[in-house]
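Below is one structure, written out as structure tokens; comments come after it.
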Amino acid sequence: MTTPKFDDVILARESEKPTDTAYVCQSCLNQPEHEDLKGIEYAIDGSICSVIGCSNTDDVFVANLNTINGHDSITLFHGTTKARAASILENGIDANTYLTTNEELAEYFGECACDEQNLDYSQIQILKVRVIKSNLRVDFEAYAEPITIFRNDFATSDTDWHEMCESGEIPYPSNEKDIEPALKVTTCVKTAEAVTSQYIS
Numbered sequence: 001m002t003t004p005k006f007d008d009v010i011l012a013r014e015s016e017k018p019t020d021t022a023y024v025c026q027s028c029l030n031q032p033e034h035e036d037l038k039g040i041e042y043a044i045d046g047s048i049c050s051v052i053g054c055s056n057t058d059d060v061f062v063a064n065l066n067t068i069n070g071h072d073s074i075t076l077f078h079g080t081t082k083a084r085a086a087s088i089l090e091n092g093i094d095a096n097t098y099l100t101t102n103e104e105l106a107e108y109f110g111e112c113a114c115d116e117q118n119l120d121y122s123q124i125q126i127l128k129v130r131v132i133k134s135n136l137r138v139d140f141e142a143y144a145e146p147i148t149i150f151r152n153d154f155a156t157s158d159t160d161w162h163e164m165c166e167s168g169e170i171p172y173p174s175n176e177k178d179i180e181p182a183l184k185v186t187t188c189v190k191t192a193e194a195v196t197s198q199y200i201s
């Protein structure tokens, strides 16, 4: 079996990322918490506002979510239990919360969270978290103990994985703030500081 080339894997993953645009109506745009949204343009007729608690179809715009108060941001997945998700949607997430660009991996993390509490997997919930990139750190544990969901994109065994990291064939972050290689390879990062609930859905 031939291991896919790094660039091919990255291109294939692009379609898996959470969307960085959202439908927002004029009424919601007038709220202070949404004043940072950029790249506003009219959405097609019939579009529904995606802000939690709103379903307005009048004066709906497509908003670019790539910035938060002028800072580069990204939307990532977080897998957890439904009970924990309810708390997160109200109170936000803490520092050192694990996030990923890969929805399948987020579901796996949700399974782990359910296992810890002896819950059925029907209790899994996946959230989308919009976070400033400077508030992200590399999850080096993902490199040290790769999960097959992303490892198999590059290597057929942990031994091959570690050898490829050492040789530079698999890009390895230069420090904890060097998140771009991690996002492309393990798809895993963690928060340096808490994220408030207004950026979570």
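Heads up: the sequence shown begins at 1 in the UniProt record's numbering, then just goes up one per residue. Backbone N, C-alpha and C fix where the C-beta goes; we use that ideal spot for every residue, glycine too. These numbers were taken from a predicted model, which means no experiment stands behind them.
Asked	Found
So, under 8 angstroms CB-CB, Gln123 and Cys112 are touching, yes? Tell me the CB distance rounded to an integer number of Å.	Gln123 to Cys112, Cβ: 12 angstroms. No contact.
Alpha helix (DSSP H) containing Thr100: first to last residue?	Counting along the chain, Thr100 falls outside any alpha helix (DSSP H), though it belongs to the beta strand (DSSP E) covering Tyr98 to Thr100.
Suppose the cutoff is 7 angstroms on Cβ atoms and the five residues either side in sequence are ignored; what does the same chain contact list for Ala106 look like?	Phe77, His78, Gly79, Thr100 and Ile126
Just mark Asn96 as buried or exposed, buried being the case when its beta carbon has 16 or more other beta carbons within 10 Å.	exposed
Output needed for Thr81: all residues of its chain with C-beta closer than 8 angstroms, excluding positions within five of it in sequence on either side, in chain order.	Gly110, Ala113, Cys114, Gln117, Leu119, Gln123, Ile124 and Gln125
My guess is that Asp139 and Val189 are in contact by the Cβ rule of under 8 angstroms, so how many angstroms apart are they, rounded?	6 angstroms
Would Ile149 and Tyr121 be called neighbours here (beta carbons separated by less than 8 angstroms)?	no
With a 10 Å radius around its C-beta and 16 neighbouring C-beta atoms as the bar for buried, classify Ile48 as buried or exposed.	exposed
What alpha helix (DSSP H) runs, 4 residues minimum, are completely inside the segment 125-182?	140-144, 148-151 and 158-167
Which residues does DSSP list as the beta-bridge partners of residue 202?	Examination of residue 202 is not possible in this model, given that the chain is present from 1 through 201 alone.
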